[in-house]
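A short worksheet on the structure shown next.
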Amino acid sequence: MFNGGMATTSTEIELPDVEPAAFLALLKFLYSDEVQIGPETVMTTLYTAKKYAVPALEAHCVEFLKKNLRADNAFMLLTQARLFDEPQLASLCLENIDKNTGDALAAEGFTDVDLDTLVAVLERDTLGVREVRLFGAAVRWAEAEAHRQQLQPTPENKRKVLGKALTLIRFPLMTIEEFAAGPAQSSILTDREVVINRRIFVVGFGLYGSIHGPTDYQVNIQIIHTDSNTVLGQNETGFSCDGSANTFRVMFKEPVEILPNVNYTACATLKGPDSHYGTKGMRKITHESSTTGTKTCFTFCYAAGNNNGTSVEDGQIPEVIFYT
1 MFNGGMATTS
11 TEIELPDVEP
21 AAFLALLKFL
31 YSDEVQIGPE
41 TVMTTLYTAK
51 KYAVPALEAH
61 CVEFLKKNLR
71 ADNAFMLLTQ
81 ARLFDEPQLA
91 SLCLENIDKN
101 TGDALAAEGF
111 TDVDLDTLVA
121 VLERDTLGVR
131 EVRLFGAAVR
141 WAEAEAHRQQ
151 LQPTPENKRK
161 VLGKALTLIR
171 FPLMTIEEFA
181 AGPAQSSILT
191 DREVVINRRI
201 FVVGFGLYGS
211 IHGPTDYQVN
221 IQIIHTDSNT
231 VLGQNETGFS
241 CDGSANTFRV
251 MFKEPVEILP
261 NVNYTACATL
271 KGPDSHYGTK
281 GMRKITHESS
291 TTGTKTCFTF
301 CYAAGNNNGT
311 SVEDGQIPEV
321 IFYT
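Take the sequence shown: its position 182, counted from the start at 1, is 182 in the UniProt record's numbering, and no numbers get skipped.
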């Protein structure tokens, strides 16, 4: 460009992809070692420093970005760090997003990130926010991306632009209420995905309370894979009852995946006075979803061991709380 066999003969050299302020910052650094960068010029200066191979100025720009990294600009800087191949800066951005996920997702620049950056964040196991908020943020991003691609923000187009990102949302970690109020109503998921091939996720049990009036119980609930005797879900907790024959919900810490045509053992060990109990239990119950019409069939059988009076017909665990 400036000398050698490919040097231009023009008295003026046009640099169409370089901002004037960034190029002046580059020249000032080359001639005086003075660093002149600010929030408005740092990204264009970094680009210019990389374009003309001035690593010392690159380092100053990256250091400036590190010092000014905040939750409200973490996604924007992460996108730039990935674009300019700055792994250390990218790592710091991801750490900031982990610690301040809610604020980072709410930032104006979040919906401007590219799909690969969105995927890189959703793949992480260290985000400090519930999955339902991640889903909401992904939908907001999809709306913005649909507009960028000049598409109508229909559920089908949102699903299209999300691509792999949609599969990274951990829907089983949502509560029943969260899933029903959000993803299930979004029309982004297909019926097949909502049904999930008839497997279900158990989130808790409904248990009977004391026959002697208001009482606090200590309880340990478990779901065990019967054939392997593997505990799939467990929670040692407590619940308060009012002495009525109503059921009282006790939840697992995380949903437990239940696959079709596999035997599982539901366990509840209560510490406290005698409780109410059910009678005339049925061996098979079919539950039909009021929203999708999907039918889920439960078949009950006797479990081995000491069941303390609970069987298919009588006893505790009158309610299984689940979603499909």
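The C-beta atom is built at its ideal place from N, Cα and C for all residues, glycine as well. Note that the structure is predicted; figures quoted are calculated from it, not measured.
Compute the Euclidean distance between the alpha carbons of residue i and residue j, then round it to the nearest angstrom.
i: residue 241; j: residue 215; result: 5 Å
i: residue 246; j: residue 291; result: 25 Å
i: residue 294; j: residue 201; result: 15 Å
i: residue 83; j: residue 256; result: 39 Å
i: residue 311; j: residue 211; result: 19 Å
i: residue 160; j: residue 130; result: 24 Å
i: residue 175; j: residue 188; result: 18 Å
i: residue 320; j: residue 177; result: 15 Å
i: residue 141; j: residue 69; result: 22 Å
i: residue 194; j: residue 267; result: Its pLDDT being 41, under 50, residue 194 is placed unreliably in this model, and the value from its coordinates should be taken loosely. One C-alpha to the other measures close to 27 Å.
i: residue 101; j: residue 306; result: 47 Å
i: residue 303; j: residue 132; result: 36 Å
i: residue 44; j: residue 163; result: 31 Å
i: residue 47; j: residue 225; result: 56 Å
i: residue 316; j: residue 217; result: 14 Å
i: residue 61; j: residue 165; result: 31 Å
i: residue 197; j: residue 313; result: Bear in mind that the predicted position of residue 197 carries a pLDDT of just 38, short of 50, making it unreliable; the figure below should be weighed with that in mind. Going by the C-alpha atoms only, they are around 29 Å apart.
i: residue 179; j: residue 17; result: 46 Å
i: residue 205; j: residue 248; result: 8 Å
i: residue 274; j: residue 258; result: 30 Å
i: residue 104; j: residue 283; result: 50 Å
i: residue 21; j: residue 40; result: 10 Å
i: residue 119; j: residue 59; result: 27 Å
i: residue 80; j: residue 199; result: 41 Å
i: residue 111; j: residue 229; result: 46 Å
i: residue 171; j: residue 184; result: 10 Å
i: residue 289; j: residue 281; result: 21 Å
Go through its chain and collect everything with a Cβ distance to residue i's Cβ below 6 Å, but skip five positions before and after it.
i: residue 234; result: 222
i: residue 220; result: 236 and 269
i: residue 276; result: 208, 211 and 245
i: residue 239; result: 217, 248 and 250
i: residue 308; result: none
i: residue 232; result: 223, 225 and 256
i: residue 155; result: 187 and 188
i: residue 109; result: 75 and 76
i: residue 151; result: 157
i: residue 191; result: Reliability of the predicted coordinates at residue 191 is poor, the pLDDT of 47 falling under 50, and no value is obtained from them.
Compare the C-alpha of residue i against each of the options and name the closest.
i: residue 271; options: 188, 86, 237 and 300; result: 237
i: residue 144; options: 168, 114, 171 and 164; result: 114
i: residue 260; options: 298, 244 and 156; result: 298
i: residue 286; options: 275, 279 and 300; result: 300
i: residue 227; options: 217, 263, 204 and 213; result: 263
i: residue 67; options: 220, 46 and 89; result: 89
i: residue 122; options: 108, 167 and 151; result: 167
i: residue 53; options: 63, 281 and 30; result: 30
i: residue 279; options: 288, 87, 296 and 318; result: 318
Taking DSSP's pairing of strands, which residues face residue i in a bridge?
i: residue 61; result: None; residue 61 has no bridge partner.
i: residue 213; result: Note: residue 213 sits in no beta bridge, so no partner.
i: residue 297; result: 286
i: residue 259; result: Looking at the DSSP assignment, residue 259 forms no beta bridge with any residue, so it has no partner.
i: residue 180; result: Its beta-bridge partners do not exist; DSSP assigns none.
i: residue 251; result: 204
i: residue 230; result: 225
i: residue 322; result: 202
i: residue 270; result: 219
i: residue 240; result: 216
i: residue 278; result: 315
i: residue 235; result: 221
i: residue 264; result: 225
By Cβ distance, which residues of its chain are closer than 8 Å to residue i, with the 5 residues on each side in sequence left out?
i: residue 153; result: 142, 143, 146 and 147
i: residue 203; result: 175, 176, 251, 252, 255, 256, 321, 322 and 323
i: residue 116; result: 82
i: residue 98; result: 124, 126, 127 and 128
i: residue 139; result: 158, 186 and 188
i: residue 182; result: 132, 135, 136 and 174
i: residue 169; result: 122, 131, 134, 135, 138 and 183
What does a CB cutoff of less than 7 Å around residue i pick up in its chain, not counting 5 residues either side in sequence?
i: residue 213; result: 243
i: residue 50; result: 58 and 84
i: residue 71; result: 96, 100, 103, 104 and 107
i: residue 87; result: none
i: residue 19; result: 44
- prompt: Taking one C-beta from the region 93 to 105 and one from the region 65 to 79 each time, how about it: are there three or more such pairs within less than 8 Å?
  reply: yes
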